[in-house]
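K.L.:
In full-length UniProt numbering, the protein residues as written are 1 to 120.
My structure is below; once you've seen it, I'll send some questions.
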Amino acid sequence: MKQLTKAEEEIMHVLWDLQEANVATIIEELPEPKPAYNTVSTIVRILENKEFVDHRKKGKGYIYFPKIEKETYSNQSMNKLINNYFNGSFKSMVSFFMKKNELDTKDLEAILKEINKKDS
C-alpha cells in the first residue's frame with residue numbers, strides 16, 4: 001500500500017469521517033485556511049489513482065468515498081514506522097516513547113490491558 005502525503009491524509013480523514021462527500025463538502029470540513037476547489041479536486045483524483053478513493057456520479061458532479069478502511073491504513077502506517085525506525089520491535093518503540101516522557105505509567109498500563117484483552 002502506498003504512503004500518503006499530509007494533504008492526502010487530511011482529505012482521507014474527512015472521507016473516513018463522512019463516509020462519502022463531494023469536493024465542496026470536503027473543503028467545508030478542512031481547517032482554515034481553506035484550500036482552493038481545484039487543489040482539493042486534484043488531490044482527490046490522485047487518491048483515486050492510488051486506489052484509496054472511488055467515486056459515483058451524482059447529478060453533474062461526483063460523490064467520493066474511501067476504498068481503504070482507516071484501520072487498514074493505520075495498521076500499515078504503524079508497521080512501516082516500527083519497521084523503519086525501530087527495527088521491527090514494538091518494545092523498542094514503547095521504550096523510545098517512555099524515554100522521551102511521551103508515555104507515562106498510566107498509558108503503559110492501558111496498553112498492557114489492551115494487549116491482555118487481545119491475548120484472552
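Even for Gly, the Cβ is constructed at its ideal location relative to N, Cα and C.
Can you tell me where the alpha helix (DSSP H) with Lys80 in it begins and where it stops?
P.N.:
Its alpha helix (DSSP H) spans residues 70 to 86.
K.L.:
Specify, as a first and last residue, the run of the alpha helix (DSSP H) that Asp17 falls within.
P.N.:
Segment 6 to 18, the alpha helix (DSSP H) holding Asp17.
K.L.:
By DSSP, does Ala21 sit in helix, in strand, or in coil?
P.N.:
In the structure shown, Ala21 sits in a strand (DSSP, three-state: E or B).
K.L.:
May I ask you to verify whether the segment 51 to 59 touches the segment 89 to 96, counting CB pairs closer than 8 Å and requiring at least 3?
P.N.:
No, the segment 51 to 59 does not touch the segment 89 to 96.
K.L.:
Taking the beta carbon of Ala21 as the centre, do at least 16 other beta carbons fall within 10 Å, making it buried, or is it exposed?
P.N.:
The residue is buried, with at least 16 neighbouring Cβ atoms inside 10 Å.
K.L.:
So, with DSSP's three-state summary, where would you put Lys58?
P.N.:
Strand at Lys58.
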